[in-house]
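Residue numbers (the numbering used here): 1 to 290.
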């Protein structure tokens, strides 16, 4: 097992409250007729300017969208967001966008569908009202979250750590986060992130050391789960790493990422939590005499 350094930039989405069936943000032409059972997750990235890009991931059970016919149309998910400045209480911005379907790992027993949308905002702390509506099934939900968008500045910094299950070869489609961050013993966990503001020496490629460290929570606090994995003299700024969870304890775990710029000796760290649970029970073999 391995781990990542703790960048601990305060770009965490802290859920404050949620209310199901509130259609205040839904278009009048498509009212909410049933609640939407879902999980929400936000990740943060630097844009070319001083703004922060927020990627919103929604995970919802697939059986909510099944109609009487097997060929029911795919969900058409819309995201509306209103932001209020957390300090002044003044309205900030509003966004409405159609969410795109995102590929999820095959073979999941809970059969979830994933959708993603994004918005660009100024760094700061907001009270955010997220409203989701499937315009085909008319299922919807409104949730209020505290959104802290980091300022990545000019020093060495890391994006959010995305924890998920890789559906294809690394370097293909972007890794989709699991909003629950729950993985079974025997699964493979993947992490993806970006490095910002590394020294390029007039256009040269970066020179980075990247350390991954995994820890498992115990009675005496977190303890290393294997040795850290260190990748030295990396010349890229987009990273992905995968690790099979074989023989892991059923407990809360942490993944720390630590990046060192070998030219400036600057260090950036970030930490993300996840949970390991028991493997899926195997079906008993059929018995009986022919």
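Glycine included, each C-beta is placed from N, C-alpha and C at the ideal position.
Nearest in C-alpha terms to residue 52, of all of 138, 151, 134, 84, is 151. Taking residue 119 as reference, the option from 113, 112, 130 with the minimal CA-CA separation is 130. One Cα belongs to residue 159, the other to residue 231, and the distance between them is close to 18 Å. Cβ-Cβ distances below 7 Å link residue 205 to 235 in the same chain, with the five nearest sequence neighbours on each side left out; the list follows chain order.
Ranking 128, 259, 101 by CA distance to the CA of residue 84 puts 128 first. By the CB criterion at 7 Å, residue 180 and residue 245 fall outside the cutoff.
Under the criterion of beta carbons closer than 8 Å, residue 63 and residue 134 do not qualify as touching, at roughly 13 Å. Beta-bridge partners assigned by DSSP to residue 229: 212.
Judged by beta-carbon spacing, residue 250 lies within the 7 Å limit of residue 277, meaning their Cβ atoms are closer than that value.
Setting aside the 5 residues that flank it on each side, residue 223 is surrounded in the same chain by 215, 216, each with a C-beta closer than 7 Å to its C-beta; the list follows chain order. Comparing alpha-carbon positions, the option among 190, 175, 137 lying closest to residue 35 turns out to be 137.
Look at residue 66 here: in three-state DSSP terms it is coil, with no helix or strand label. Within the same chain, and ignoring the five residues on either side of residue 39 in sequence, the residues whose Cβ sits closer than 7 Å to its Cβ are 59, 179, 180.
Distance check between residue 132 and each of 32, 279, 261 places 32 closest, using alpha-carbon atoms only.
Residue 148 and residue 258 have their C-alpha atoms some 22 Å from each other.
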